[in-house]
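Taking our numbering, the leading residue of the sequence shown gets 3, the next gets one more, and so forth.
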Amino acid sequence: MAEPGKTERATPKKREEARKRGQVVRSVEINSMLNVLICLIILKIFGEYIFNNIKNISLYFWNNVTTFSITLDTIGDFLLFIISKFLLILLPIFVSVFIIGILSNILQFGFLITFEPLKPSFDKINPFRGFKRLFSKRLFFELGKSFIKIFVISYIFYTTVKKIFNEIFMTPLMDIETYLGFAADTVFKLGIKIVIAFIIFSILDYIYQKYEYEDNLMMSKQEVKDELKQLEGDPLIKARIRNIQREMARRRMISEIPQADVVITNPNHIAVAIRYKEGEDNAPKIIAKGINLMAEKIKEIARKYGIIIMENPPLARTLVKLEIGWEIPPELFQAIAEILAFVYQAKGKFKLEENEKNMDNIGKNYYIPSPENGGN
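Here it is, written out as structure tokens:
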């Protein structure tokens, strides 16, 4: 059972950390089942090859047993010869079992290489933890599983042998070919029954391993909160950072106001500063905006620098919805052009005829993004 107070399922971060430590859901019974199954398949596919080679080697030794001269000097070479012959015969099984061992792990928890379990740790030699493990539910589960496996496999072996008991006593009278065929058939029948039993073991064991894995990773509510703070930051610190960022943006905006050509107001609650620099700006641009106190601050700076303040409530309400740095949308070109023409005329920047000529060109040959896209 999970420790008291640990009622929350593991977060993705904790699962990833556990995976890096090699703590994954893994059932050895699945490996055992697949190994037995692949051995049966190999026997079915390469059975004739294995059978013929074992028969040939057996006949060779049987026919030449009286001619072998085995001494202390030659016994090493003799054993090496026998082992190499049988290794070549059983090579398909060994290779297949090796590949299946890798694939079964990938099937269960994906591709994973970690050396964390090999690192020295005091917990591994801590006598108190070792004593605790002696009475852990995992140990009792593994012991119970082992006893059940021994009983089931013994029962399968017993029932299978019982059916062929008479044939077993006849094996001394069989020729080598008949004997090997009988042995292969018996092994195959035993293997099929064992695979069926192992499939059941594998399903039950995987369910338990999954349960234990989830149980060991359970977290308390405080652990979840602490992890959330690590990932997203302390809410108080985040709020302070946002305040600092807003203050920096406000100061930057205020520093831009002296460059404005005009400030359009509500007149009391909204103020929007507009700038248009010919040759630099594609269209008139919003460089500052604000409501209530900020609107008053914008108007105060505008008066200080002699910037014209114009009252146009409908236009001000529309402009304040746009973002700072955005260019004026096409539908407002005419209104802004008329205002800028008046401002330039009032400042004496251009003659009226030249002013009207320049205002006609505002809004042409440039791209205006939608408010959703933002940008310049």
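Here a beta-carbon is modelled for each residue, glycine too, at the ideal position from N, C-alpha and C.
Model, not experiment: these values are computed from the prediction.
In this structure, does DSSP put residue i in helix, strand or coil?
i      : result
Val26  : coil
Ile311 : strand
Val383 : What the structure shows of the chain is the stretch from 3 to 378, and residue 383 is not part of that stretch, so it cannot be assessed.
Lys279 : coil
Glu325 : coil
Met221 : strand
Thr320 : helix
Phe352 : Only weak support exists for where Phe352 lies, its pLDDT of 45 falling under 50; the coordinates are left without a value.
Quick one: using the 10 Å Cβ neighbour count with 16 as the cut-off for buried, is residue i buried or exposed?
i      : result
Val265 : buried
Glu356 : Any reading at Glu356 needs caution, since the residue's pLDDT is 46, under 50, leaving its predicted position unreliable; the model's value is listed next. Exposed, by the Cβ-count rule.
Ala348 : exposed
Ile370 : Because Ile370 carries a pLDDT of 30, less than 50, the predicted location of this residue cannot be relied on, and no value is offered for it.
Asp75  : exposed
Arg254 : exposed
Lys301 : buried
Asn33  : buried
Ile52  : buried
Arg248 : exposed
Glu325 : exposed
Ser200 : Per the sequence shown, residue 200 should be read as Phe rather than Ser. Classification of Phe200: buried, given that the 10 Å Cβ count is 16 or more.
Arg277 : buried
Ile288 : buried
Phe73  : The residue asked about is misnamed: residue 73 is Thr in this sequence, not Phe. When all chains shown are included, Thr73 counts as exposed.
Asn37  : buried
Asp207 : buried
Thr116 : exposed
Met361 : Only weak support is given to the placement of Met361: the predicted model assigns it a pLDDT of 39, under 50, and the value that follows is read from those uncertain coordinates. Burial call: buried.
Tyr157 : exposed
Leu321 : buried
Leu342 : buried
Ala339 : buried
Ile196 : buried
Measuring CA to CA, which of the options is closest to residue i?
i      : options                        : result
Ile47  : Arg242, Pro94, Gly78           : Pro94
Asn314 : Val274, Ala20, Gly7            : Val274
Ile198 : Glu169, Leu39, Phe142, Leu175  : Leu39
Tyr160 : Ile104, Leu230, Lys191         : Lys191
Tyr62  : Val26, Leu42, Phe83            : Phe83
Ile194 : Leu45, Thr320, Tyr210          : Leu45
Tyr213 : Phe184, Val163, Phe143         : Phe143
Val1   : Thr188, Leu182, Ser98, Gln110  : Outside the displayed span of the chain (3 to 378) sits residue 1, for which this structure offers no information.
Ser98  : Arg140, Leu42, Asn55, Phe111   : Leu42
Arg252 : Pro260, Ile272, Lys291, Lys165 : Lys291
Gly24  : Ile338, Leu114, Glu229         : Leu114
Lys323 : Glu258, Ser156, Ile272, Phe184 : Ile272
Ala304 : Asn58, Glu258, Ile91, Ile239   : Glu258
Phe203 : Phe153, Lys165, Glu329, Leu295 : Phe153
Gly183 : Ser29, Glu19, Ile56            : Ile56
Glu333 : Ala285, Asp263, Thr267         : Ala285
Arg28  : Leu238, Asn294, Asn107, Tyr346 : Asn107
Lys306 : Asp177, Tyr210, Ala262         : Ala262
Gly112 : Glu280, Thr180, Met312, Val26  : Val26
Ala318 : Ala337, Asn58, Ser138, Asp217  : Ala337
Within 8 Å: the Cβ of residue i and any heavy atom of the ligand SAH?
i      : result
Trp328 : The model on display carries no ligand, and the ligand SAH is accordingly not part of it.
Considering only residues of the segment 152–189, which uninterrupted alpha helix (DSSP H) runs meet the minimum length of 4 residues and lie entirely inside it, listed in chain order?
-> As far as the segment 152–189 is concerned, its whole alpha helix (DSSP H) runs of at least 4 residues are 167–172.
Scan the segment 248–308 and note each continuous beta strand (DSSP E) run of 3 residues or more that stays entirely inside, going in chain order.
-> Taking 3 residues as the minimum length, the beta strand (DSSP E) runs contained wholly in the segment 248–308 are 264–267, 272–277, 287–293, in order along the chain.
Evaluate contact between the segment 211–225 and the segment 7–25, counting only Cβ atoms and requiring at least three cross-stretch pairs below 8 Å.
-> By the criterion of at least three beta-carbon pairs nearer than 8 Å, the segment 211–225 is in contact with the segment 7–25.
Kindly confirm or deny that the segment 15–23 and the segment 157–175 touch, where touching means at least three C-beta pairs closer than 8 Å.
-> The segment 15–23 is not in contact with the segment 157–175.
Is there contact between the segment 19–38 and the segment 98–108, where contact requires at least three CB pairs shorter than 8 Å?
-> Taking a contact to require three or more Cβ pairs closer than 8 Å, the segment 19–38 and the segment 98–108 qualify as touching.
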